[in-house]
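The sequence shown begins at 390 in my numbering and counts up one residue at a time. The structure appears below as C-alpha coordinates.
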Amino acid sequence: MNNNKNRLIKWDRVRLNIEDADTAFLFVRIIVLLGGISWLALSQIPAETFRLLTNLFIYFLVYSVFTYIWLLISPEKKKSIYVFFLLFDIPFTFLLVYYTGGFHSHFVNGFYLMTALYSFYFGLVPGVFIAVAASVLYLIAGGLDLNEHYWPDFSVSIAFMFLLAVPLGLLSQKLKKDRSEISSLNKNLRVYIDELQSMHGRLIQVEKMSELGRMAADVAHEIRNPLTSIGGFARRLDKNLSEIKSERSIYKGKEYVGIIISEVNRLERILKDILTFSRDVKYNMERLRINEIINASLITFAELFREQKINVIEKIDNSIPEVLLDRNQL
390 MNNNKNRLIK WDRVRLNIED ADTAFLFVRI IVLLGGISWL ALSQIPAETF RLLTNLFIYF
450 LVYSVFTYIW LLISPEKKKS IYVFFLLFDI PFTFLLVYYT GGFHSHFVNG FYLMTALYSF
510 YFGLVPGVFI AVAASVLYLI AGGLDLNEHY WPDFSVSIAF MFLLAVPLGL LSQKLKKDRS
570 EISSLNKNLR VYIDELQSMH GRLIQVEKMS ELGRMAADVA HEIRNPLTSI GGFARRLDKN
630 LSEIKSERSI YKGKEYVGII ISEVNRLERI LKDILTFSRD VKYNMERLRI NEIINASLIT
690 FAELFREQKI NVIEKIDNSI PEVLLDRNQL
(Lines of atoms letter the chains of each structure in order from A and count residues from 1; the text may use other names and numbers.)
(Lines give C-alpha, C1' and ligand atoms only; values in the text may rest on other atoms or scores of the structure.)
Protein backbone atom coordinates (compact mmCIF):
# COMPACT_ATOMS: atom_id res chain seq x y z
CA MET A 1 0.00 0.00 0.00
CA ASN A 2 2.80 2.40 0.96
CA ASN A 3 4.73 1.48 -2.19
CA ASN A 4 1.72 2.30 -4.36
CA LYS A 5 1.25 5.59 -2.52
CA ASN A 6 4.93 6.50 -2.99
CA ARG A 7 4.72 5.67 -6.69
CA LEU A 8 1.64 7.87 -7.07
CA ILE A 9 3.36 10.75 -5.27
CA LYS A 10 6.45 10.38 -7.48
CA TRP A 11 4.32 10.25 -10.64
CA ASP A 12 2.44 13.39 -9.57
CA ARG A 13 5.78 15.13 -9.01
CA VAL A 14 6.96 14.11 -12.50
CA ARG A 15 3.65 15.15 -14.10
CA LEU A 16 3.79 18.59 -12.47
CA ASN A 17 7.31 19.15 -13.84
CA ILE A 18 6.42 18.21 -17.43
CA GLU A 19 6.13 21.30 -19.67
CA ASP A 20 5.13 21.86 -23.29
CA ALA A 21 8.81 22.10 -24.23
CA ASP A 22 9.44 18.61 -22.82
CA THR A 23 6.60 17.18 -24.90
CA ALA A 24 7.89 18.99 -28.00
CA PHE A 25 11.42 17.60 -27.51
CA LEU A 26 10.03 14.08 -27.15
CA PHE A 27 7.93 14.31 -30.34
CA VAL A 28 10.86 15.75 -32.30
CA ARG A 29 13.05 12.82 -31.23
CA ILE A 30 10.39 10.30 -32.21
CA ILE A 31 9.98 11.99 -35.62
CA VAL A 32 13.77 12.11 -36.15
CA LEU A 33 14.11 8.41 -35.29
CA LEU A 34 11.19 7.27 -37.45
CA GLY A 35 12.23 9.56 -40.31
CA GLY A 36 15.82 8.33 -40.15
CA ILE A 37 14.75 4.66 -40.19
CA SER A 38 12.43 5.31 -43.15
CA TRP A 39 15.18 7.12 -45.04
CA LEU A 40 17.61 4.26 -44.41
CA ALA A 41 15.05 1.74 -45.64
CA LEU A 42 14.23 3.65 -48.84
CA SER A 43 17.51 5.32 -49.80
CA GLN A 44 20.15 3.74 -52.02
CA ILE A 45 23.40 4.33 -50.20
CA PRO A 46 26.64 2.34 -49.99
CA ALA A 47 26.70 -0.54 -47.50
CA GLU A 48 29.42 1.10 -45.41
CA THR A 49 27.41 4.35 -45.11
CA PHE A 50 24.29 2.32 -44.27
CA ARG A 51 26.18 0.56 -41.47
CA LEU A 52 27.56 3.83 -40.07
CA LEU A 53 24.15 5.51 -40.13
CA THR A 54 22.47 2.48 -38.55
CA ASN A 55 24.96 2.60 -35.68
CA LEU A 56 24.43 6.37 -35.43
CA PHE A 57 20.64 6.01 -35.05
CA ILE A 58 21.13 3.23 -32.50
CA TYR A 59 23.41 5.63 -30.60
CA PHE A 60 20.64 8.30 -30.86
CA LEU A 61 17.99 5.87 -29.57
CA VAL A 62 20.13 4.64 -26.66
CA TYR A 63 21.12 8.04 -25.27
CA SER A 64 17.59 9.41 -25.81
CA VAL A 65 15.99 6.55 -23.86
CA PHE A 66 18.62 6.73 -21.13
CA THR A 67 18.23 10.51 -20.77
CA TYR A 68 14.41 10.39 -20.64
CA ILE A 69 14.59 7.72 -17.93
CA TRP A 70 16.90 10.06 -16.03
CA LEU A 71 14.40 12.89 -16.55
CA LEU A 72 11.56 10.76 -15.13
CA ILE A 73 13.64 9.74 -12.11
CA SER A 74 14.99 13.24 -11.36
CA PRO A 75 12.67 15.88 -12.87
CA GLU A 76 14.17 18.53 -10.57
CA LYS A 77 17.46 18.19 -12.52
CA LYS A 78 15.79 19.02 -15.82
CA LYS A 79 18.15 21.87 -16.74
CA SER A 80 21.24 19.68 -16.33
CA ILE A 81 19.57 16.84 -18.23
CA TYR A 82 18.89 19.09 -21.24
CA VAL A 83 22.53 20.20 -21.22
CA PHE A 84 23.37 16.49 -21.36
CA PHE A 85 20.92 16.13 -24.30
CA LEU A 86 22.63 19.00 -26.12
CA LEU A 87 26.10 17.51 -25.63
CA PHE A 88 24.91 14.29 -27.31
CA ASP A 89 22.73 15.94 -29.98
CA ILE A 90 25.61 18.08 -31.28
CA PRO A 91 27.87 15.14 -32.30
CA PHE A 92 24.83 13.18 -33.56
CA THR A 93 23.78 16.02 -35.89
CA PHE A 94 27.36 16.64 -37.01
CA LEU A 95 27.99 12.96 -37.85
CA LEU A 96 24.60 12.63 -39.58
CA VAL A 97 25.39 15.57 -41.89
CA TYR A 98 29.00 14.47 -42.34
CA TYR A 99 28.11 10.86 -43.35
CA THR A 100 25.32 11.94 -45.72
CA GLY A 101 27.17 14.44 -47.92
CA GLY A 102 28.30 17.46 -45.90
CA PHE A 103 27.03 20.63 -47.59
CA HIS A 104 24.88 18.47 -49.89
CA SER A 105 23.34 16.43 -47.04
CA HIS A 106 19.56 16.10 -46.78
CA PHE A 107 19.96 16.42 -43.00
CA VAL A 108 21.48 19.92 -42.89
CA ASN A 109 18.16 21.07 -41.45
CA GLY A 110 19.14 19.14 -38.33
CA PHE A 111 21.44 22.05 -37.40
CA TYR A 112 18.52 24.48 -37.77
CA LEU A 113 16.24 22.29 -35.68
CA MET A 114 18.84 21.86 -32.95
CA THR A 115 19.56 25.62 -32.87
CA ALA A 116 15.85 26.52 -32.74
CA LEU A 117 14.88 24.06 -30.00
CA TYR A 118 17.78 24.73 -27.66
CA SER A 119 17.69 28.51 -28.20
CA PHE A 120 14.04 28.49 -27.20
CA TYR A 121 14.75 26.33 -24.17
CA PHE A 122 17.93 27.98 -22.82
CA GLY A 123 17.43 31.60 -23.92
CA LEU A 124 19.25 34.24 -25.99
CA VAL A 125 22.89 33.99 -24.88
CA PRO A 126 23.10 30.16 -24.87
CA GLY A 127 21.17 30.20 -28.17
CA VAL A 128 23.79 32.43 -29.82
CA PHE A 129 26.60 30.11 -28.64
CA ILE A 130 24.66 27.11 -29.97
CA ALA A 131 24.27 28.90 -33.34
CA VAL A 132 28.04 29.56 -33.43
CA ALA A 133 28.78 25.90 -32.59
CA ALA A 134 26.30 24.68 -35.23
CA SER A 135 27.86 26.98 -37.86
CA VAL A 136 31.39 25.74 -37.12
CA LEU A 137 30.28 22.08 -37.15
CA TYR A 138 28.37 22.66 -40.39
CA LEU A 139 31.56 24.03 -41.92
CA ILE A 140 33.60 21.07 -40.65
CA ALA A 141 30.97 18.59 -41.87
CA GLY A 142 31.37 20.11 -45.34
CA GLY A 143 35.07 19.32 -45.23
CA LEU A 144 36.06 23.01 -44.94
CA ASP A 145 35.59 23.18 -48.72
CA LEU A 146 34.56 26.83 -49.21
CA ASN A 147 35.12 27.56 -52.87
CA GLU A 148 33.24 30.29 -54.68
CA HIS A 149 30.23 28.04 -55.26
CA TYR A 150 29.66 27.30 -51.54
CA TRP A 151 30.29 30.72 -49.96
CA PRO A 152 26.83 32.18 -50.76
CA ASP A 153 25.03 29.00 -49.64
CA PHE A 154 27.10 28.77 -46.48
CA SER A 155 26.53 32.45 -45.64
CA VAL A 156 22.76 32.06 -46.02
CA SER A 157 22.81 28.91 -43.88
CA ILE A 158 24.77 30.68 -41.13
CA ALA A 159 22.44 33.67 -41.29
CA PHE A 160 19.45 31.38 -40.82
CA MET A 161 21.12 29.83 -37.76
CA PHE A 162 21.27 33.22 -36.07
CA LEU A 163 17.85 34.27 -37.37
CA LEU A 164 16.48 31.28 -35.49
CA ALA A 165 18.64 31.65 -32.37
CA VAL A 166 18.11 35.37 -31.66
CA PRO A 167 14.29 35.72 -31.98
CA LEU A 168 13.59 32.38 -30.28
CA GLY A 169 16.08 33.22 -27.51
CA LEU A 170 14.38 36.58 -26.94
CA LEU A 171 10.96 34.93 -26.99
CA SER A 172 12.17 32.35 -24.48
CA GLN A 173 13.43 35.06 -22.13
CA LYS A 174 10.15 36.95 -22.44
CA LEU A 175 8.16 33.79 -21.66
CA LYS A 176 10.39 33.00 -18.67
CA LYS A 177 9.98 36.55 -17.38
CA ASP A 178 6.19 36.36 -17.80
CA ARG A 179 6.12 32.96 -16.12
CA SER A 180 8.17 34.31 -13.22
CA GLU A 181 5.81 37.28 -12.83
CA ILE A 182 2.77 34.99 -12.95
CA SER A 183 4.36 32.74 -10.33
CA SER A 184 5.06 35.77 -8.14
CA LEU A 185 1.48 36.98 -8.58
CA ASN A 186 0.19 33.52 -7.67
CA LYS A 187 2.30 33.53 -4.49
CA ASN A 188 0.99 36.99 -3.57
CA LEU A 189 -2.53 35.83 -4.35
CA ARG A 190 -2.10 32.83 -2.05
CA VAL A 191 -0.86 35.18 0.69
CA TYR A 192 -3.88 37.45 0.18
CA ILE A 193 -6.23 34.46 0.23
CA ASP A 194 -4.65 33.21 3.47
CA GLU A 195 -5.02 36.68 4.99
CA LEU A 196 -8.65 36.87 3.87
CA GLN A 197 -9.36 33.44 5.33
CA SER A 198 -7.69 34.48 8.59
CA MET A 199 -9.68 37.73 8.64
CA HIS A 200 -12.86 35.81 7.87
CA GLY A 201 -12.14 33.51 10.81
CA ARG A 202 -11.58 36.52 13.08
CA LEU A 203 -14.81 38.14 11.87
CA ILE A 204 -16.70 34.93 12.62
CA GLN A 205 -15.14 34.89 16.09
CA VAL A 206 -16.10 38.55 16.65
CA GLU A 207 -19.63 37.81 15.45
CA LYS A 208 -19.82 34.85 17.83
CA MET A 209 -18.65 37.01 20.72
CA SER A 210 -21.17 39.68 19.75
CA GLU A 211 -23.94 37.08 19.65
CA LEU A 212 -22.71 35.73 22.97
CA GLY A 213 -22.90 39.22 24.46
CA ARG A 214 -26.44 39.72 23.19
CA MET A 215 -27.41 36.29 24.43
CA ALA A 216 -25.88 37.02 27.85
CA ALA A 217 -28.00 40.18 28.09
CA ASP A 218 -31.12 38.21 27.13
CA VAL A 219 -30.25 35.49 29.63
CA ALA A 220 -29.72 38.04 32.41
CA HIS A 221 -33.11 39.52 31.62
CA GLU A 222 -34.81 36.11 31.48
CA ILE A 223 -33.20 34.79 34.66
CA ARG A 224 -33.81 37.91 36.77
CA ASN A 225 -37.56 37.38 37.15
CA PRO A 226 -37.40 33.67 38.12
CA LEU A 227 -34.58 34.39 40.59
CA THR A 228 -36.60 37.21 42.14
CA SER A 229 -39.56 34.88 42.52
CA ILE A 230 -37.48 32.02 43.91
CA GLY A 231 -35.70 34.28 46.39
CA GLY A 232 -38.89 35.90 47.58
CA PHE A 233 -40.87 32.70 47.98
CA ALA A 234 -37.94 30.88 49.59
CA ARG A 235 -37.73 33.60 52.24
CA ARG A 236 -41.50 33.49 52.76
CA LEU A 237 -41.41 29.72 53.01
CA ASP A 238 -38.55 29.83 55.52
CA LYS A 239 -40.52 32.30 57.62
CA ASN A 240 -43.77 30.35 57.36
CA LEU A 241 -42.24 26.98 58.26
CA SER A 242 -41.76 28.14 61.84
CA GLU A 243 -45.31 29.50 61.99
CA ILE A 244 -47.29 26.60 60.52
CA LYS A 245 -50.33 26.29 62.77
CA SER A 246 -53.25 26.20 60.43
CA GLU A 247 -54.31 24.33 57.34
CA ARG A 248 -54.22 27.60 55.44
CA SER A 249 -50.50 28.03 56.25
CA ILE A 250 -49.79 24.51 54.98
CA TYR A 251 -51.67 25.28 51.79
CA LYS A 252 -49.71 28.52 51.38
CA GLY A 253 -46.42 26.68 51.95
CA LYS A 254 -47.26 24.11 49.30
CA GLU A 255 -48.23 26.91 46.93
CA TYR A 256 -44.86 28.60 47.49
CA VAL A 257 -43.01 25.32 46.93
CA GLY A 258 -44.93 24.77 43.70
CA ILE A 259 -44.00 28.24 42.45
CA ILE A 260 -40.33 27.69 43.37
CA ILE A 261 -40.27 24.36 41.50
CA SER A 262 -41.95 25.98 38.49
CA GLU A 263 -39.41 28.82 38.41
CA VAL A 264 -36.49 26.40 38.84
CA ASN A 265 -37.78 24.39 35.89
CA ARG A 266 -37.97 27.59 33.90
CA LEU A 267 -34.34 28.39 34.76
CA GLU A 268 -33.29 24.90 33.68
CA ARG A 269 -35.00 25.39 30.32
CA ILE A 270 -33.26 28.74 29.85
CA LEU A 271 -29.86 27.19 30.63
CA LYS A 272 -30.59 24.32 28.28
CA ASP A 273 -31.34 26.81 25.51
CA ILE A 274 -28.02 28.56 26.23
CA LEU A 275 -26.10 25.30 25.85
CA THR A 276 -27.84 24.55 22.56
CA PHE A 277 -28.21 28.10 21.22
CA SER A 278 -26.93 27.04 17.79
CA ARG A 279 -29.84 24.71 17.17
CA ASP A 280 -33.11 25.82 15.62
CA VAL A 281 -35.60 27.05 18.20
CA LYS A 282 -38.60 24.73 18.51
CA TYR A 283 -41.79 26.18 19.88
CA ASN A 284 -44.34 24.14 21.76
CA MET A 285 -47.43 26.06 20.78
CA GLU A 286 -50.72 25.51 22.62
CA ARG A 287 -53.99 27.38 23.07
CA LEU A 288 -53.94 29.35 26.31
CA ARG A 289 -56.23 31.86 27.96
CA ILE A 290 -54.59 35.21 28.56
CA ASN A 291 -56.52 35.60 31.82
CA GLU A 292 -54.95 32.43 33.26
CA ILE A 293 -51.45 33.70 32.45
CA ILE A 294 -52.23 37.05 34.10
CA ASN A 295 -53.59 35.31 37.22
CA ALA A 296 -50.48 33.10 37.45
CA SER A 297 -48.22 36.15 37.23
CA LEU A 298 -50.22 37.95 39.92
CA ILE A 299 -49.92 34.95 42.23
CA THR A 300 -46.16 34.80 41.61
CA PHE A 301 -45.63 38.40 42.66
CA ALA A 302 -48.47 38.70 45.22
CA GLU A 303 -46.20 38.56 48.26
CA LEU A 304 -43.82 41.06 46.69
CA PHE A 305 -46.73 43.39 46.06
CA ARG A 306 -47.86 43.07 49.66
CA GLU A 307 -44.36 43.78 50.96
CA GLN A 308 -44.06 46.83 48.78
CA LYS A 309 -47.64 47.85 49.70
CA ILE A 310 -48.67 47.77 46.06
CA ASN A 311 -52.41 47.48 45.53
CA VAL A 312 -53.23 45.53 42.36
CA ILE A 313 -56.71 45.96 40.88
CA GLU A 314 -57.75 43.16 38.54
CA LYS A 315 -59.95 44.08 35.59
CA ILE A 316 -60.11 41.01 33.38
CA ASP A 317 -62.26 40.66 30.30
CA ASN A 318 -63.51 37.06 30.18
CA SER A 319 -64.50 37.43 26.52
CA ILE A 320 -60.87 37.43 25.34
CA PRO A 321 -60.43 34.30 23.16
CA GLU A 322 -57.69 31.70 23.57
CA VAL A 323 -54.45 32.38 21.69
CA LEU A 324 -51.54 30.21 20.48
CA LEU A 325 -48.58 30.64 22.83
CA ASP A 326 -45.51 28.80 24.07
CA ARG A 327 -45.74 28.83 27.85
CA ASN A 328 -41.97 28.34 28.20
CA GLN A 329 -41.18 31.46 26.17
CA LEU A 330 -43.24 33.80 28.35
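Beta carbons are placed, not taken as given, at the ideal position from N, Cα and C, and that holds for glycine.
Whole angstroms are fine: how far does the CA of residue j sit from the CA of residue i?
| i | j | result |
| --- | --- | --- |
| L738 | L557 | For the chain, the structure presents residues 390 to 719; residue 738 sits outside this window and is missing. |
| N380 | N673 | What the structure shows of the chain is the stretch from 390 to 719, and residue 380 is not part of that stretch, so it cannot be assessed. |
| N679 | M588 | Contrary to the premise, residue 679 reads as Ile rather than Asn in this sequence. About 49 Å. |
| S432 | V486 | 15 Å |
| E696 | M598 | 40 Å |
| L713 | L677 | 6 Å |
| F414 | L585 | 42 Å |
| A685 | Y581 | 60 Å |
| F694 | L592 | 47 Å |
| L578 | S469 | 31 Å |
| N476 | I571 | Strictly speaking, residue 476 in this sequence is Leu, with Asn absent from that position. Roughly 32 Å between the two C-alpha positions. |
| F473 | L445 | 17 Å |
| L553 | S569 | 24 Å |
| I426 | Y448 | 13 Å |
| K466 | V454 | 16 Å |
| Q583 | P464 | Residue identity differs from the one stated: residue 583 is Asp in this sequence, not Gln. About 29 Å. |
| V595 | V701 | 46 Å |
| R440 | K566 | 46 Å |
| F496 | L423 | 14 Å |
| G647 | D715 | 20 Å |
| G499 | A520 | 12 Å |
| V545 | A505 | 16 Å |
| I420 | A430 | 15 Å |
| L460 | L574 | 28 Å |
| D478 | G590 | 56 Å |
Considering only C-alpha positions, which residue in the set the options is nearest to residue i?
| i | options | result |
| --- | --- | --- |
| V451 | R418, Y507 and I462 | R418 |
| F551 | S708, L502 and V580 | L502 |
| A562 | H589, N498, F449 and Y507 | A small correction: the amino acid at residue 562 is Gln; Ala does not occupy that position in the sequence shown. Considering only alpha carbons, the answer is Y507. |
| S494 | W428, A505, F473 and S453 | W428 |
| Y488 | K566, I519 and I434 | I434 |
| F511 | Y471, L533, F477 and A523 | Y471 |
| A523 | I547, D542 and F509 | I547 |
| T456 | D411, F439, I619 and N444 | D411 |
| N707 | K698, V701, I682 and N700 | I682 |
| I688 | E437, I619 and F543 | I619 |
| G491 | V521, I458 and D542 | D542 |
| M604 | L564, T438 and I659 | I659 |
According to DSSP, is residue i helix, strand or coil?
| i | result |
| --- | --- |
| R695 | helix |
| L533 | coil |
| V701 | coil |
| E711 | coil |
| R676 | strand |
| V497 | coil |
| F481 | helix |
| T489 | coil |
| G512 | coil |
| D706 | coil |
| S599 | helix |
| S572 | helix |
| S524 | helix |
| S463 | coil |
| F690 | coil |
Sufficient close CB pairs (3 or more, under 8 Å) joining the region 550-565 to the region 502-522: yes
Within the region 409-455, ranges of the alpha helix (DSSP H) (whole runs, at least 4 residues): 409-431
Inter-stretch contact at 8 Å, needing at least 3 Cβ pairs: the region 466-483 / the region 522-532: yes
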